[in-house]
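Reading through the structure tokens given below for one structure.
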Amino acid sequence: MAKQLNLLENSNVIPTALHLEMQRSYLEYAMSVIVGRALPDVRDGLKPVHRRILYAMHELGLTPDRPYRKCARVVGDVLGKYHPHGDQAVYEAMVRLVQDFSTRYPLLDGHGNFGSVDNDPPAAMRYTETRLSPVGAQALLSEIGEATVDFIDNFDSSQQEPVVLPAQLPILLLNGCSGIAVGMATNIPPHNLVEIVDGLIALIDRPDLADEKLWKLIPGPDFPTGGEIVAAEGIRDAYTTGRGSIPIRGITKLETIQVGRGKRGQRRAIVVSELPYQVHKAAWIEKVAALVNQGRIEGISDIRDESDREGMRVVVELKRDAQPSTVLQQLYKQTPLQTNFGAILLTLVDGQPRQLTLRQLLESFITFREQTLTRQYTYEQSQKETRLHLVDGLLASLNQLDAMIDILRNAPDGSTAKLSLQNQLNLSEIQADAILAMPMRRLTGLEREKLETEREELSQRLEQLHQLLNDRRELLKALKKDLRSLKRKYGDPRRTIINSIASTEKQLEQPTTPQPRSRKSAQPQKTPDTLPNAPTEPEQTLLEFTSHGYVQRQSATTQPKFPKSIKQGEDFIVEAQLLLTTQELMVITGSGKAYPVKIRDIPPAAGRKQGIPLVKLLPNSAQSETVVAHFRVPDDLEKFTLVLLTHQGKIKRVSVSELTKLTNRGMLLTKFRNEDQLLYANLFTNTAAQVVVATSNGRLLRFEINDKQLPIMGRSAQGNQALRLKGKEKLVGCAVLGEEENLLLVSEQGYGKRLPVQAIRLANRGDLGTQALQFKTAKDGLVSMVNDSIASEVMVVTSVGGKRLAMESVPIWGKDGTGDPIAKLNPEEKIISVTPLVQELTV
Numbered sequence: 001m002a003k004q005l006n007l008l009e010n011s012n013v014i015p016t017a018l019h020l021e022m023q024r025s026y027l028e029y030a031m032s033v034i035v036g037r038a039l040p041d042v043r044d045g046l047k048p049v050h051r052r053i054l055y056a057m058h059e060l061g062l063t064p065d066r067p068y069r070k071c072a073r074v075v076g077d078v079l080g081k082y083h084p085h086g087d088q089a090v091y092e093a094m095v096r097l098v099q100d101f102s103t104r105y106p107l108l109d110g111h112g113n114f115g116s117v118d119n120d121p122p123a124a125m126r127y128t129e130t131r132l133s134p135v136g137a138q139a140l141l142s143e144i145g146e147a148t149v150d151f152i153d154n155f156d157s158s159q160q161e162p163v164v165l166p167a168q169l170p171i172l173l174l175n176g177c178s179g180i181a182v183g184m185a186t187n188i189p190p191h192n193l194v195e196i197v198d199g200l201i202a203l204i205d206r207p208d209l210a211d212e213k214l215w216k217l218i219p220g221p222d223f224p225t226g227g228e229i230v231a232a233e234g235i236r237d238a239y240t241t242g243r244g245s246i247p248i249r250g251i252t253k254l255e256t257i258q259v260g261r262g263k264r265g266q267r268r269a270i271v272v273s274e275l276p277y278q279v280h281k282a283a284w285i286e287k288v289a290a291l292v293n294q295g296r297i298e299g300i301s302d303i304r305d306e307s308d309r310e311g312m313r314v315v316v317e318l319k320r321d322a323q324p325s326t327v328l329q330q331l332y333k334q335t336p337l338q339t340n341f342g343a344i345l346l347t348l349v350d351g352q353p354r355q356l357t358l359r360q361l362l363e364s365f366i367t368f369r370e371q372t373l374t375r376q377y378t379y380e381q382s383q384k385e386t387r388l389h390l391v392d393g394l395l396a397s398l399n400q401l402d403a404m405i406d407i408l409r410n411a412p413d414g415s416t417a418k419l420s421l422q423n424q425l426n427l428s429e430i431q432a433d434a435i436l437a438m439p440m441r442r443l444t445g446l447e448r449e450k451l452e453t454e455r456e457e458l459s460q461r462l463e464q465l466h467q468l469l470n471d472r473r474e475l476l477k478a479l480k481k482d483l484r485s486l487k488r489k490y491g492d493p494r495r496t497i498i499n500s501i502a503s504t505e506k507q508l509e510q511p512t513t514p515q516p517r518s519r520k521s522a523q524p525q526k527t528p529d530t531l532p533n534a535p536t537e538p539e540q541t542l543l544e545f546t547s548h549g550y551v552q553r554q555s556a557t558t559q560p561k562f563p564k565s566i567k568q569g570e571d572f573i574v575e576a577q578l579l580l581t582t583q584e585l586m587v588i589t590g591s592g593k594a595y596p597v598k599i600r601d602i603p604p605a606a607g608r609k610q611g612i613p614l615v616k617l618l619p620n621s622a623q624s625e626t627v628v629a630h631f632r633v634p635d636d637l638e639k640f641t642l643v644l645l646t647h648q649g650k651i652k653r654v655s656v657s658e659l660t661k662l663t664n665r666g667m668l669l670t671k672f673r674n675e676d677q678l679l680y681a682n683l684f685t686n687t688a689a690q691v692v693v694a695t696s697n698g699r700l701l702r703f704e705i706n707d708k709q710l711p712i713m714g715r716s717a718q719g720n721q722a723l724r725l726k727g728k729e730k731l732v733g734c735a736v737l738g739e740e741e742n743l744l745l746v747s748e749q750g751y752g753k754r755l756p757v758q759a760i761r762l763a764n765r766g767d768l769g770t771q772a773l774q775f776k777t778a779k780d781g782l783v784s785m786v787n788d789s790i791a792s793e794v795m796v797v798t799s800v801g802g803k804r805l806a807m808e809s810v811p812i813w814g815k816d817g818t819g820d821p822i823a824k825l826n827p828e829e830k831i832i833s834v835t836p837l838v839q840e841l842t843v
């Protein structure tokens with residue numbers, strides 16, 4: 001019979017109470033999940049899997065300027081080197097970093113099928129490709145290195161991986177994060193980069209900044225899919241306590257669509273253009289259809305998805321007797337068209353989970369960024385000092401060249417030469433080694449100059465580094481400079497609208513004009529989206545006008561981005577103006593009528609790439625017209641005057657005070673004869689002195705603005721003839737300006753010059769004018785005349801594209817001569833127009 005084994009006789013087993021062992025093991029497992037999987041680090045805002053994906057791609061060299069690489073290759077590197085978990089888990093994390101509807105600022109750039117807002121699955125990793133996005137590469141990995149952040153061994157001690165990435169932006173707030181750990185969860189909403197950077201800079205400048213002022217800079221989350229936050233209480237709770245419920249609605253508006261013939265074929269429909277964050281469109285449509293079939297939602301006759309590449313468009317067709325406001329309330333209540341985002345600002349701080357406020361999140365990032373900059377500058381200082389020491393040694397040897405050559409000639413070996421250099425030339429061991437390794441070309445005079453220049457640059461940089469490391473104010477200045485640079489490069493308009501709960505139903509009672517039901521023509525009418533009631537207090541907002549006649553309303557903190565160049569037919573921003581929401585625009589059309597447009601009626605950008613056509617904000621009767629000019633309605637109208645010029649050369653002056661009773665029906669400013677149309681409209685103060693009119697033949701007519709030359713006329717007058725046009729000659733410019741200003745003249749074949757106004761002969765209205773531009777060939781002609789005081793830059797548009805040009809780069813000429821070439825044109829290329837890029841960023 002076998003002897004029974006006594007496990008306790010050699011004291012190899014330690015008796016432990018079961019409940020104590022379970023408690024210890026569970027806590028170890030819980031902390032492992034919390035720290036190693038589910039919660040992001042407050043410093044770089046990443047979970048370990050995201051950090052390892054980004055670092056592995058950095059090691060592979062997948063920068064934004066390199067070709068895409070298969071996702072399977074990246075996943076393989078992540079699994080083999082840093083993250084020994086399932087490949088699907090790593091791939092799913094990678095996919096979310098690519099999806100622009102899941103991540104506010106995608107850190108990866110994908111090529112292939114990475115899923116859709118309809119919850120379509122991405123293609124397998126063997127088909128898709130990826131690389132780092134510009135913001136991911138610059139904001140997270142551009143400063144990576146052991147000098148900046150700590151590195152640790154990977155799971156098998158065969159590789160080194162960073163503990164944290166040296167983030168230059170608070171990715172945790174920009175992209176948000178969600179995760180479920182053991183006994184705790186995090187759900188941080190995404191935010192707008194421009195607002196977060198403004199908040200960081202404000203906290204750096206004023207650490208004691210009041211919460212209310214901080215909330216004005218960062219008013220709330222900004223979700224990738226847009227939508228509308230309808231109550232600010234949840235935002236305030238989340239920002240002050242770390243927890244809050246934020247209600248989000250989709251963006252809807254009411255349209256009248258055509259489903260049959262005549263008026264009986266018209267139906268009202270609720271059109272959904274944006275859904276709340278993380279609501280899948282296909283699932284939402286199925287939910288609505290199921291509720292309608294169950295009889296839980298009444299008043300809906302049909303629902304269809306008309307989304308395309310231009311954006312989302314879900315049409316909810318209503319029955320004849322249905323009330324849109326009632327149907328909408330049912331959709332809000334019973335479907336995810338309105339949902340709550342439960343914000344939990346839980347993150348890892350020094351390896352421990354903590355629930356933070358908005359201020360604490362921002363302060364934690366500022367502290368981390370100070371530490372990384374200090375480490376980076378300290379390492380750079382060490383490197384520069386070492387290099388400066390070597391350069392000093394090289395220069396010292398060159399200054400004692402004969403002695404150095406004599407030492408080298410007489411030394412029997414390298415070791416003896418090294419000791420002799422140290423003793424006789426008073427050099428260090430490192431300097432002596434550098435001299436012995438120095439090639440003969442370093443003995444030339446040019447190389448000596450290069451060393452002296454390098455020494456001067458090193459000394460200047462070391463002085464800057466010393467100042468940065470010993471003066472915290474200078475360090476914070478550098479930090480703010482980096483933030484502003486990233487803001488200019490990657491900032492974009494807010495997508496999510498923030499409002500208190502408003503009577504959307506009342507605005508739904510104002511449908512747009514009928515639309516046919518066909519897919520191509522069933523696009524949304526270009527009318528303002530359904531928005532909450534306008535605020536009573538004036539707020540600053542930025543209006544951007546484009547060359548194709550679009551207008552988009554942005555946040556007041558948005559930085560206008562004029563393009564450096566454009567492609568053929570491409571739209572671009574031509575004017576950026578900071579206004580108050582209580583102000584109005586005066587829009588003048590080619591028919592000679594003026595219309596008012598309230599700033600608050602212009603829909604916010606909310607993710608629109610192009611804005612809305614300015615003409616679509618006018619009454620239906622004017623929406624087929626051409627906008628000639630637009631101005632902010634001045635407060636003191638009596639001090640302003642309008643000068644109007646038609647295609648046929650009729651000019652008149654109108655007092656703006658007549659427009660005090662301007663209504664939505666518009667007001668006629670002038671009458672026409674022989675199918676004439678308005679071409680130019682200039683608004684100016686009554687102190688402006690002169691007007692200049694230009695023709696395509698290069699003639700410029702300059703005359704005084706006074707009661708004799710250009711008297712004020714009534715709105716029903718046709719005006720007087722400014723000048724007679726010859727043959728195919730046409731008007732190409734009209735400017736109102738003072739005596740000390742200059743005009744930019746540009747010809748069709750690319751010649752241009754700036755011409756002082758005084759160089760043009762002062763004449764009378766109706767005269768021939770002055771030949772102010774000569775042409776190289778008979779086929780050339782004047783294209784544009786621009787007052788150089790209204791903008792510092794212009795966009796020169798040609799038949800194949802265009803590029804930005806600084807006014808000061810065009811030389812000043814007299815009235816004689818062709819000017820200088822301002823653009824290199826192909827043989828068949830011609831200049832079409834020259835548009836000033838106007839910025840008015842003060843209210």
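Residue numbering for the sequence shown follows the UniProt record's numbering, starting at 1 and increasing by one per position.
Just so you know, even glycine gets a beta-carbon here, dropped at the ideal spot from N, CA and C.
In this structure, the straight-line span from the alpha carbon of D153 to that of E161 is close to 6 Å. When only Cα atoms are considered, P276 and L723 end up about 59 Å apart. In the DSSP annotation of this structure, M438 is not part of any alpha helix (DSSP H), being labelled neither H nor E. Between N697 and the set D392, S245, P122, T777, the nearest pair of CA atoms involves T777. Looking at H58, D780, T386, F640, the one whose alpha-carbon comes closest to that of Q138 is H58.
D109 carries a strand assignment under DSSP once its states are collapsed to helix, strand and coil. With fewer than 16 other Cβ atoms from the protein chains shown falling within 10 Å of its own Cβ, E286 counts as exposed. If you look at L700, you'll find it in the beta strand (DSSP E) that goes 699 to 704.
Put simply, the backbone Cα of T582 is about 11 Å away from that of V633. Using a Cβ distance threshold of 8 Å, M667 and K593 count as a contacting pair. Burial is judged here by how many other beta carbons sit within 10 angstroms of a residue's own beta carbon; Y127 has fewer than 16 and is exposed. Residue pairing by DSSP puts Q160 in a beta bridge opposite D153.
In the structure shown, Y127 falls within a coil segment according to DSSP collapsed to helix, strand and coil. In the structure shown, P821 falls within a strand segment according to DSSP collapsed to helix, strand and coil.
D780 and S747 have their C-alpha atoms roughly 7 Å apart. DSSP, reduced to helix, strand and coil, places V74 within a helical segment of the structure shown.
In this structure, the straight-line span from the alpha carbon of L193 to that of T695 is close to 47 Å. In this structure, S102 keeps its C-beta atom at 8 Å or more from the C-beta atom of P221. In the DSSP assignment, R37 falls outside any alpha helix (DSSP H) and carries neither an H nor an E. In the three-state scheme derived from DSSP, where H, G and I count as helix and E and B as strand, P48 is classed as helix.
When secondary structure is reduced to three states using DSSP, V574 falls in the strand class. When the beta-carbon positions are compared, G234 and P247 come within less than 8 Å of each other. Counted as a single uninterrupted DSSP element, the stretch harbouring S245 is not any alpha helix (DSSP H) but the beta strand (DSSP E) occupying residues 243 to 249.
Distances from the CA of R553 to each of L217, L580, K564, Q568 were compared; the closest alpha carbon is that of L580.
Taking C-beta separations shorter than 7 Å and ignoring five residues to either side along the sequence, the partners of R673 in its chain run Q718, following chain order.
Look at L662 here: in three-state DSSP terms it is coil, with no helix or strand label. Straight across, the Cα-Cα distance linking R359 with V349 is about 14 Å. Residue pairing by DSSP places P207 opposite no residue, since no beta bridge is assigned to it. Membership of F341 in any alpha helix (DSSP H) is not indicated; the residue belongs instead to the beta strand (DSSP E) covering 338 to 344. Within the same chain, Cβ atoms closer than 6 Å to the Cβ of L841 are found at L578, the five residues on either side in sequence being excluded.
Beta-carbon to beta-carbon, A283 and N175 are separated by about 23 Å, too far to satisfy the 8 Å threshold. A straight line joining the alpha-carbon of G649 with that of L731 spans about 7 Å. Taking 3 residues as the shortest admissible run, the segment 324 to 385 contains the following complete beta strand (DSSP E) segments, listed from N- to C-terminal end: 338 to 344, 346 to 349, 352 to 355. Just measuring C-alpha positions, the residue of N826, T16, I300 sitting nearest G750 is N826.
Residue environment for T663: exposed (fewer than 16 other C-beta atoms within 10 angstroms of its C-beta). By a beta-carbon distance limit of 8 Å, I188 does not contact A17. Their separation comes to about 40 Å.
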